[in-house]
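First the structure, in the form of structure tokens, and then the observations on it.
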Amino acid sequence: MKTYTKPKLTFEQFLSQCPEEGLYELVDREIVEVRATRNHDDVADFILFSFSDEIRRTNLNYVIKNTVVFKTMTANGIEQGRKPDVSVIDKDVWCSNRSAYSALEEPIQLAVEVTSTNCEDDYIDKLDEYQRLAITEYWIVDYLAIGLREYLGNPKLPAIFVFLSDAEGKYQRTLFRGSERIVSRSFPELALTADQILTA
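Numbering-wise, the working numbering puts 198 at position 133 of the sequence shown, and it's gapless, one number per residue.
This is the structure in structure tokens:
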């Protein structure tokens with residue numbers, strides 16, 4: 066990722082100043098370009114298409130997007146603008162203001178982050194921000210096994226982590242590898258294994 070501009074911005078300023086070409090997030094009040102390898106995009110697209118198929122098959126009240134930015138807040142009260150690789154949004158929330166641009170301030174149903182060179186953002190910053198925003202389900206798809214050993218073990222192996230909010234709003238983490246079927250609260254009938262996603 067490269068920093069696009071230096072002025073310290075609010076979320077609203079970010080939305081009005083963000084370039085129209087490319088994908089960007091607001092990180093530490095600066096516009097930051099989000100770039101991905103083809104492999105990264107293939108994994109994210111596989112998840113997006115699988116979720117889309119499941120929404121149609123089971124008639125779930127969701128929309129799925131890969132370009133939506135939503136406002137989060139750090140522990141220090143700094144506004145961030147995050148764009149998950151895959152966003153699952155309650156259809157009623159999405160349709161409540163269809164003339165609005167795609168940015169949201171309310172929590173989405175599920176956020177998926179496919180790790181890349183900025184994996185600390187996924188494992189630390191976004192994890193905290195998404196929990197703080199009350200996103201009930203958050204996936205980290207670490208197909209490169211570049212995350213922390215405390216998560217991946219030693220030796221580090223590719224894995225998918227599903228974080229689900231408990232009754233107190235705190236994330237509980239479950240690790241999935243190999244032929245293990247992913248357990249999702251948002252998609253209870255989803256029939257995908259970790260390997261199907263990690264090798265997409």
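The C-beta atom is built at its ideal place from N, Cα and C for all residues, glycine as well.
Checklist entry - Between the C-alpha atoms of Leu175 and Tyr188, what's the straight-line distance to the nearest angstrom? => result A direct Cα-to-Cα measurement between Leu175 and Tyr188 gives close to 16 Å.
Checklist entry - To which residues does DSSP link Phe228 through a beta bridge? => result DSSP output for Phe228 lists Tyr203 and Arg238 as bridge partner(s).
Item to check | Per-residue burial, Ser164 [other beta carbons within 10 Å of its own, 16 or more giving buried] | outcome: It is exposed - the Cβ of Ser164 has fewer than 16 other Cβ atoms within 10 Å.
Checklist entry - Which residue or residues does DSSP assign as beta-bridge partners of Arg246? => result Assignment of beta-bridge partners to Arg246 by DSSP yields Thr258.
Next on the checklist: Here's the rule: buried if 16 or more other CB atoms are within 10 angstroms of the residue's CB, otherwise exposed. What is Ser244?
Outcome noted: It counts as exposed.
Item to check | Whole-angstrom C-beta distance between Trp204 and Val177, which should lie under 8 Å | outcome: About 4 Å separates the beta carbon of Val177 from that of Trp204, a gap short enough to meet the 8 Å contact definition.
Next on the checklist: Please return the same chain residues whose Cβ sits closer than 6 Å to the Cβ of Val179, not counting the five positions on each side in sequence.
Outcome noted: Spatial neighbours of Val179 in its own chain (CB-CB distance under 6 Å, excluding positions within 5 residues in sequence) are listed in chain order as His105, Val108, Ala109, Asp150 and Val206.
Checklist entry - Taking just the CA atoms, how far does Thr264 sit from Leu113? => result Leu113 and Thr264: Cα-Cα distance of roughly 15 Å.
Next on the checklist: In the DSSP output, what is Leu175 paired with across the bridge?
Outcome noted: DSSP lists Val153 and Glu202 as the bridge partner or partners of Leu175.
Checklist entry - If you drop the 5 nearest sequence neighbours on each side, which residues of the same chain put their C-beta closer than 6 Å to that of Thr137? => result Same-chain partners within the cutoff: Gln145, Arg147, Glu194 and Leu198.
Checklist entry - So which of Ala259, Tyr208, Thr132 and Arg94 has the shortest CA-CA distance to Asn141? => result The option with the nearest alpha carbon to Asn141 is Arg94.
Next on the checklist: According to DSSP, simplified to helix, strand and coil, what is Glu86?
Outcome noted: Secondary structure of Glu86 (DSSP, three-state): coil.
Checklist entry - Alpha carbon to alpha carbon, how far is Val22 from Phe79? => result Since the first and last residues shown for the chain are 66 and 265, residue 22 lies out of range.
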